[in-house]
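Residue numbers (my numbering): 82 to 701.
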């Protein structure tokens, strides 16, 4: 995989001279990386300094991720490339350690910020109005002593020491310390070796607390968040990919005529959510033609151009109006194209007596079905599917496999009911603007997906399955891995440099953070900024860290609910049932492990404090 760096001939010559100079000084990659980061601060490259400073910092970041850089003398072009075999021969632990080191870059940068240090200091203060966060961190020695002193002849004997409950994080305060629950959640999230970044959309964070211990210390934290729109392994599991969908149709004995009915129903539903009457005549609506669809495409292009001019002029209100006009036109074009194709398919079914089996490999048929699947995917992701974006135990409960407990509790009746209550009727300002009226759609949590942090198996989710009276809870390991895509491979320093150069170039006005622009304006802005300094394409945003995908189906078959529109209330195990199963299967074995007992009794609460971590990072 190669990514071209498009820069001027003069910039290329200067860069080549710098690369050759650094290579002559040292062959050690880590020393080269440091030289790349600092070189433009030391060498005067005149008008090219700012841009080359950005490029060299990007080069350094990518080199840390296993990328290399080549200058093709014949083509006189620079290429960045990723060595697909860079992890070959390494053990899973070595891969994990390398990944941890990469992830810690962002964590260390955040820890050095004065604002974060002030937050930690505030959380540790004790006053008339609050107690320190340390009261919510259990002492490992005391916890293990209490567990090992129990009468193990009693059924579920560990409940006297560990009795978990879920606490949804909202604007309220902790009853024991008077700390804001959101701050408590943030504090414990900051103890992990992964920088936390907020994402737009729905979110439902939880604290898992232990009511059997003083102050109800925190066992772990979780967060349900809006899912990524395209995650192939998950989409295959939900039959939202063509081949899997056809297999599902066959398994349900659904023929082509019934399929057409399903697609027409989805089309009608889509048209109900679009204010199209001022955009198209009744005649064209009944029988959409290729000319109509081309005409809509021309209107999209014209409105996009007008919007860009208003953005450049700083006229936000006018730009926003055209934004939603473009959205409406794009939706209309898609729906009219689908309507035209479905009408043609209906005619062919009657004329040629078509069956699903006969159409399966037909490209036109595949295109029609894929358009339908894209619509169902968007609907499912916006209403019924959530990502488990944060999930894990905190010290000292992580030493007792508390992470498995935290993950299992996401399949509890309490979480299911809380989600469906919170999003009982889903409203969207974007949908309202596109439809010209209020659009209310009912959510029903169907499934939860998550990924391993590393490309190897996750001890937290691996073989995570419990059989209970009402349901079997299982985090199913999917066959395919997800390929990483994002910006974590670039340091904050590099991102700030590139963004500053982008803003100084005068092109930054083409990207803004206005409502309705998209789910990740930060990512779009960074991608555009990287293009300005010469990195074309999206290859460098593929961080090449494959991750295992785990799938938690709360229903017997979420795919059936998605396509057959069968909404049903389900009865899931309570958090108490799940906690009991966890204690008996994992915790009881853990406290009888001499190594674990010794480790816990030799640890102290102070080992886990953020104040200690900050000092260690500053003193590195």
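Beta carbons: idealized from backbone N, C-alpha and C, even for Gly.
Please go through the same chain and pick out, in chain order, the residues whose beta-carbon is closer than 6 Å to the beta-carbon of residue 305, but skip the five residues on each side of it.
285, 467
So is residue 234 buried or exposed if we call it buried at 16+ other beta carbons inside 10 Å?
exposed
Can you tell me whether DSSP reads residue 628 as helix, strand or coil?
strand
Examine the Cβ distances between the stretch 86 to 105 and the stretch 153 to 162 and report whether three or more of them are shorter than 8 Å.
yes
What is the DSSP secondary structure of residue 128, reduced to helix, strand or coil?
Reliability fails at residue 128, whose pLDDT of 49 lies under 50, so the model's placement of it is uncertain and the value that follows must be treated cautiously. Helix.
Note down the Cα distance separating residue 699 from residue 145, rounded to an integer number of angstroms.
21 Å
Which class does residue 85 belong to by DSSP, given the choice of helix, strand or coil?
In the three-state scheme derived from DSSP, where H, G and I count as helix and E and B as strand, residue 85 is classed as strand.
Can you tell me where the alpha helix (DSSP H) holding residue 201 begins and where it ends?
For residue 201, the enclosing alpha helix (DSSP H) covers residues 195 to 205.
For the beta strand (DSSP E) that residue 321 lies in, which residues bound it at each end?
Counting along the chain, residue 321 falls outside any beta strand (DSSP E), and DSSP gives it neither H nor E.
Could you give the DSSP three-state label for residue 309: helix, strand or coil?
coil
Could you check whether residue 116 and residue 136 sit closer than 7 Å to each other, using their CB atoms as the reference points?
no
Check for me: the beta strand (DSSP E) holding residue 151 runs from which residue to which?
Per DSSP, residue 151 belongs to the beta strand (DSSP E) from 148 to 153.
In terms of residue numbering, what span does the alpha helix (DSSP H) encompassing residue 338 cover?
337 to 353
CB residue 28 to CB residue 629, shorter than 7 Å?
In the structure displayed, the chain extends from 82 to 701; residue 28 sits before or after that span and is not available.
According to the neighbour-count rule (16 or more other Cβ atoms, all chains shown, within 10 Å of its Cβ), is residue 202 buried or exposed?
exposed
Only counting the same chain, and skipping five residues up and downstream in sequence, which positions put a Cβ closer than 7 Å to that of residue 107?
If we look at residue 107 and ignore the five residues flanking it on each side, its Cβ neighbours are 113.
Which of the three DSSP states, helix, strand or coil, is assigned to residue 555?
strand
Per the DSSP calculation, residue 290 is bridged to which residue(s)?
246, 299
Along the chain, where does the alpha helix (DSSP H) that runs through residue 469 open and close?
Looking at the DSSP string, residue 469 is not in any alpha helix (DSSP H); the run it does join, the beta strand (DSSP E), is 466 to 474.
Which residue comes first and which comes last in the beta strand (DSSP E) that contains residue 159?
If you look at residue 159, you'll find it in the beta strand (DSSP E) that goes 158 to 163.
Per DSSP, what kind of secondary structure is residue 261 in: helix, strand or coil?
Strand.
Could you tell me which of 651, 679, 558 sits nearest to residue 633, measuring between CA atoms?
558
Determine the DSSP secondary structure at residue 633, reduced to helix, strand or coil.
strand
Which value, in whole angstroms, describes the spacing of the CA atoms of residue 595 and residue 204?
Unreliable positioning characterises residue 595 in this predicted model, as indicated by a pLDDT of 48, which lies under 50. A coordinate reading is not provided.
Assess, as a yes-or-no matter, whether the stretch 409 to 425 is touched by the stretch 368 to 378 under the definition of 3 or more beta carbon pairs within less than 8 Å.
yes
Using DSSP bridges, identify the partner residues of residue 304.
286, 471
With DSSP collapsed to three states, give me the class of residue 562.
strand
Can you name the residues that DSSP bridges to residue 220?
In DSSP, residue 220 forms no bridge with anything.
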